[in-house]
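For the sequence shown, the residue numbers in the numbering used here are 10 to 536.
Yeah, the Cβ is synthetic: ideal placement off N, Cα and C, and Gly gets one too.
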Amino acid sequence: MESDSIVEFLRYFSQQPLYLVISAVALYFTADRCRQYWRLRRFKGPFSTGISWIWHSRAVVSGNAHKYYGDVNEKCGTIARIAPNHLITSSPELWAHINAVRSPYTRSAWFYHCVRFEPGKDNVFTECDNDKHDARRKKMASGYSGKENPTLEPSIDTHIKELVHLIRTKYATQAASTTTAKPMNMATKMQYLTLDVISHVGLGQAFGDLKADADISDYLKSSEEGLRIANLSWGLGISWILNVPILGKAISPSEKDGRGFGKMMAHARKVVESRLLKSTTERSDMLSSFIRHGLSGDDLFHEIFEQILAGSDTTAASLQIIMLYLTTHPRVYAKLQAEIDGAAAKGGTAPASPASPDVISDAEARRLPYLGAVVREALRVHPPVVNLFSRVVPKGGDTVTVDGEDLFLPGGTLIGYSAWSMHRNNRAVYGDDSHVFRPERWFVDVNQPGGKERLAQMVKTNDMIFGYGRWVCLGRVVALIELHKTVFELLRNFDFALVNPSVPWKIYNSIGLFAIGDMWVEVTERR
Numbered sequence: 010m011e012s013d014s015i016v017e018f019l020r021y022f023s024q025q026p027l028y029l030v031i032s033a034v035a036l037y038f039t040a041d042r043c044r045q046y047w048r049l050r051r052f053k054g055p056f057s058t059g060i061s062w063i064w065h066s067r068a069v070v071s072g073n074a075h076k077y078y079g080d081v082n083e084k085c086g087t088i089a090r091i092a093p094n095h096l097i098t099s100s101p102e103l104w105a106h107i108n109a110v111r112s113p114y115t116r117s118a119w120f121y122h123c124v125r126f127e128p129g130k131d132n133v134f135t136e137c138d139n140d141k142h143d144a145r146r147k148k149m150a151s152g153y154s155g156k157e158n159p160t161l162e163p164s165i166d167t168h169i170k171e172l173v174h175l176i177r178t179k180y181a182t183q184a185a186s187t188t189t190a191k192p193m194n195m196a197t198k199m200q201y202l203t204l205d206v207i208s209h210v211g212l213g214q215a216f217g218d219l220k221a222d223a224d225i226s227d228y229l230k231s232s233e234e235g236l237r238i239a240n241l242s243w244g245l246g247i248s249w250i251l252n253v254p255i256l257g258k259a260i261s262p263s264e265k266d267g268r269g270f271g272k273m274m275a276h277a278r279k280v281v282e283s284r285l286l287k288s289t290t291e292r293s294d295m296l297s298s299f300i301r302h303g304l305s306g307d308d309l310f311h312e313i314f315e316q317i318l319a320g321s322d323t324t325a326a327s328l329q330i331i332m333l334y335l336t337t338h339p340r341v342y343a344k345l346q347a348e349i350d351g352a353a354a355k356g357g358t359a360p361a362s363p364a365s366p367d368v369i370s371d372a373e374a375r376r377l378p379y380l381g382a383v384v385r386e387a388l389r390v391h392p393p394v395v396n397l398f399s400r401v402v403p404k405g406g407d408t409v410t411v412d413g414e415d416l417f418l419p420g421g422t423l424i425g426y427s428a429w430s431m432h433r434n435n436r437a438v439y440g441d442d443s444h445v446f447r448p449e450r451w452f453v454d455v456n457q458p459g460g461k462e463r464l465a466q467m468v469k470t471n472d473m474i475f476g477y478g479r480w481v482c483l484g485r486v487v488a489l490i491e492l493h494k495t496v497f498e499l500l501r502n503f504d505f506a507l508v509n510p511s512v513p514w515k516i517y518n519s520i521g522l523f524a525i526g527d528m529w530v531e532v533t534e535r536r
């Protein structure tokens, strides 16, 4: 149809009665929904997911979307339907294929753009263009790996020592003491630690939450509130409002705000701008590395701020999960503590640097087999990051093999990741007791037939907690250093007991990140 004919048609249509216009729009959407249903008709899913997003909205708003997704894969198969144009998979092999370094799949703007912290502006996590993402990532890799940041581990040590000092002086009691116990909220202390660490290694200066034993300027509170709002708007399908000119900016955090998210942004902006005025040779850290590799202006600011938000939330959740599973499994707790005591007695706490003589080095911590197994197992049985991570099937579609069956994924279909089912409920990889916290499962006898291959499959699947291929987590190195060293020092110095074992914490899933609170523990100092 020629352009003049189209204009004429639209003019004619606009002059028709309102009921005709409404009927035409309804017919269009009905036809489109029927088309979507038919394209994915061979994939099973909960009732209504073939024609409606209501099931998915309910899952997201509940704060337990990860369990909804896990149940779908348990009942409907390794690849299943959760919405008219959205599939979800628990297959490690399929997810590895989708996320391969040269994969033609792309990130879905429907998911990723709803977690931008400024309308219309992307960072390495929200960028959906593969080429732009790869170019940005290349500029950041050295900074995250620690290759250009010799102070990375000593910086982490500084804040682990602050954490130990805070607990010892304010919360811990002696083993035989008659002094009234002062319960400690483990959830907030882990958040203080990870926020101080990431602000130190990212900005060059810590926010200081551990020293203050407080959420300075309500950064953590504002982050949780922001994630809840984003989760609700995404679940209800109204996150597009953030991209509306004027309105989107008006309802987003502003650097002019006196507290919370906006103030956090203003502080990060100020630090970044001041560092841009100096030579990167004056200080070699993560920020300097980013600058040396070509990040500048808004791009640099957005990467630094995203690093602070994502790096603190995910690592804090990991520590909270590890400590919960340790305190609720006395056998594992005692076995790990014995390994830690043995390492300390043999001088296994070799310093990471002369500045940290009383904190175990990362190299020494990684030599402790049971500590490594506990970290892997806790993150497996309760993945700390359960984002859907929606991908878009490339134009023309893709034929994949799942559970020995060839399946065609139509182009434009969204497909996401079911963390709960891939890790916690994956009996094919981890055994029939996959839902059980049992670190010993990682000590596979590689001399037995198939043992080496089984362990390799377990490790590869478990590593997907940090992503895979093109989109593997840049902050993995920093997170693992924090996890091993922190758990070692906590159990070396203290004993922990849950105050309320029947309700050990409050937990809510906001777009795949856990907001964890009220994890009250009693702390006893060890001598």
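Residue environment, residue i, which counts as buried when at least 16 other CB atoms sit within 10 Å
i: VAL110; result: exposed
i: TRP537; result: In this structure the chain extends from 10 to 536, so residue 537 is not present and cannot be described.
i: LEU103; result: buried
i: VAL409; result: buried
i: LEU251; result: buried
i: ARG268; result: exposed
i: GLU414; result: exposed
i: SER162; result: Note that residue 162 corresponds to Glu in the displayed sequence, not to Ser. So GLU162 counts as buried.
i: GLU291; result: exposed
i: THR87; result: buried
i: GLY521; result: buried
i: PHE56; result: exposed
i: VAL124; result: buried
i: GLN316; result: buried
DSSP state of residue i mapped onto helix, strand, coil
i: ALA190; result: coil
i: ARG400; result: strand
i: ARG111; result: coil
i: ALA540; result: Residue 540 is absent from the structure shown; the chain starts at 10 and stops at 536.
i: GLN200; result: helix
i: THR290; result: coil
i: ARG340; result: helix
i: MET10; result: Only weak support exists for where MET10 lies, its pLDDT of 44 falling under 50; the value from the coordinates is given anyway. If DSSP states are grouped into helix, strand and coil, MET10 belongs with coil.
i: ARG237; result: helix
i: ILE520; result: coil
i: TYR481; result: The residue asked about is misnamed: residue 481 is Val in this sequence, not Tyr. It is coil, neither helix nor strand.
i: VAL394; result: strand
i: ASN82; result: helix
i: THR470; result: helix
Bridge partners - residue i, DSSP secondary structure assignment
i: TRP529; result: ASN194
i: LYS515; result: GLY526
i: ILE424; result: LEU96 and ARG400
i: THR410; result: ASP415
i: GLN506; result: Before going on, a small fix: residue 506 reads as Ala here, not Gln. DSSP lists GLU531 as partners of ALA506.
i: ARG116; result: ARG400
i: VAL453; result: Answer is none; VAL453 lacks a bridge partner.
i: THR182; result: THR533
Through-space distance from residue j to residue i, alpha-carbon basis
i: VAL455; j: GLU462; result: 8 Å
i: SER100; j: MET431; result: 6 Å
i: HIS142; j: HIS75; result: 26 Å
i: TYR46; j: HIS106; result: 25 Å
i: PRO393; j: ASP294; result: 27 Å
i: ALA223; j: LYS198; result: 9 Å
i: ARG51; j: VAL438; result: 26 Å
i: HIS65; j: GLY217; result: 39 Å
i: MET467; j: ALA215; result: 37 Å
i: LYS170; j: PHE398; result: 35 Å
i: VAL281; j: GLU534; result: 40 Å
i: GLU233; j: ASP138; result: 28 Å
i: TYR426; j: SER298; result: 32 Å
i: ARG479; j: ALA35; result: 40 Å
i: GLY211; j: ARG146; result: 16 Å
i: LYS179; j: ASN82; result: 46 Å
i: LYS258; j: ASP442; result: 49 Å
i: ILE165; j: VAL486; result: 12 Å
i: PRO360; j: LEU172; result: Only weak support exists for where PRO360 lies, its pLDDT of 44 falling under 50; the coordinates are left without a value.
i: ARG536; j: LYS494; result: 19 Å
i: PHE523; j: ALA196; result: 11 Å
i: VAL116; j: VAL401; result: According to the sequence displayed, residue 116 carries Arg and not Val. Computed Cα separation, rounded: 6 Å.
Within the chosen definition, does the segment 442 to 453 reach the segment 384 to 392 through at least 3 CB pairs nearer than 8 Å?
-> yes
Answer yes if the segment 289 to 308 comes into contact with the segment 498 to 509, meaning at least three C-beta pairs across the two stretches below 8 Å, and no otherwise.
-> no
State whether the segment 58 to 72 contacts the segment 406 to 422, with contact taken as three or more CB pairs (one from each stretch) at a distance under 8 Å.
-> no
Counting Cβ pairs closer than 8 Å, one from the segment 313 to 323 and one from the segment 203 to 215, do we hit at least three?
-> yes
Are the segment 325 to 338 and the segment 368 to 377 in contact at 8 Å, needing three or more beta carbon pairs?
-> no
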